[in-house]
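To start, the structure itself, in structure tokens.
Numbering (full-length UniProt numbering), first residue to last: 1 to 185.
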């Protein structure tokens, strides 16, 4: 139910009476502010929402049709503005969390790839530094997947010699890569 005073203020407001708007503002600003502040706990946001409510009231003054009191209308507007603000904050927080998670995953993947490439480069350098026969035996074993018997047959050497070259290569590579494993893990 609209009170007589509010009804007259609304009629004056519809005819662009700024004094009527000021009177409505002065009557209801503090009440709306307290309600919004209680819900949000943030003074600046509460002021902003109440300001938005009164701006909306002014902008819609010509088409405003109230079935209930101005007090009820403004209270409902405050309630819905708070709900919308909290929902918007929640969406922003969820988006920020997803972006942060995606950023962390991308960074981890990039770091993993860089470490892997560094390890590959270091391994290639160490393999090139192996003595020639040792390097050839290692490459036939690891790159081409030859068995020790096949390597011995291919190079015309004993299987025990192949075994010794592989053991020597693995020892040198393990020693050469040990400092990287310390930093990587």
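Each residue gets a CB set at the ideal place from its N, CA and C atoms; glycine is no exception.
Assuming the contact rule is C-beta atoms closer than 8 Å, residue i and residue j should be a hit. Round their C-beta distance to whole Å, please.
{"i": "residue 126", "j": "residue 166", "result": "Not really, about 14 Å apart at Cβ, beyond 8 Å."}
{"i": "residue 210", "j": "residue 70", "result": "Beyond the ends of the chain as shown, which are 1 and 185, falls residue 210; an answer cannot be given."}
{"i": "residue 35", "j": "residue 78", "result": "5 Å"}
{"i": "residue 162", "j": "residue 148", "result": "5 Å"}
Which same chain residues, not among the five before or five after residue i, have their C-beta less than 6 Å away from its C-beta?
{"i": "residue 134", "result": "165, 168 and 169"}
{"i": "residue 8", "result": "none"}
Report all residues from its chain with a CB closer than 8 Å to the CB of residue i; omit the five preceding and five following residues, and keep chain order.
{"i": "residue 29", "result": "50 and 54"}
{"i": "residue 177", "result": "119, 122, 123 and 126"}
{"i": "residue 97", "result": "none"}
{"i": "residue 185", "result": "The predicted position of residue 185 is uncertain, since its pLDDT is 48 and thus under 50; a value taken from the coordinates is nonetheless stated next. There are no such residues."}
{"i": "residue 1", "result": "For residue 1, the predicted structure reports a pLDDT of 43, less than 50, and the residue's modelled location is therefore unreliable. A value from the coordinates is still provided. Taken in chain order, the residues that qualify are 68 and 69."}
Return the chain-ordered list of same chain residues with a C-beta closer than 7 Å to the C-beta of residue i, the five sequence neighbours on each side being excluded.
{"i": "residue 158", "result": "152"}
{"i": "residue 37", "result": "43 and 46"}
Inspect the beta-carbon positions of residue i and residue j and report whether they are closer than 9 Å.
{"i": "residue 39", "j": "residue 74", "result": "no"}
{"i": "residue 81", "j": "residue 111", "result": "no"}
{"i": "residue 57", "j": "residue 13", "result": "yes"}
{"i": "residue 155", "j": "residue 137", "result": "yes"}
Requested in this report: Taking 8 Å as the threshold, find out whether the region 9–23 comes into contact with the region 57–77 through three or more Cβ pairs.
Outcome: In short, these stretches touch, since the Cβ pair count reaches three.
Query - Runs of alpha helix (DSSP H) lying entirely within the region 114–164, each at least 4 residues, in chain order - result: The alpha helix (DSSP H) runs lying completely inside the region 114–164 and spanning 4 residues or more are 132–142 and 148–155, given in chain order.
Report task. Go through the region 5–87 residue by residue and report every complete run of the alpha helix (DSSP H) that reaches 4 residues or more, in order. Result -> Scanning the region 5–87 from its first residue to its last, the whole alpha helix (DSSP H) runs of 4-plus residues come out as 18–40 and 43–59.
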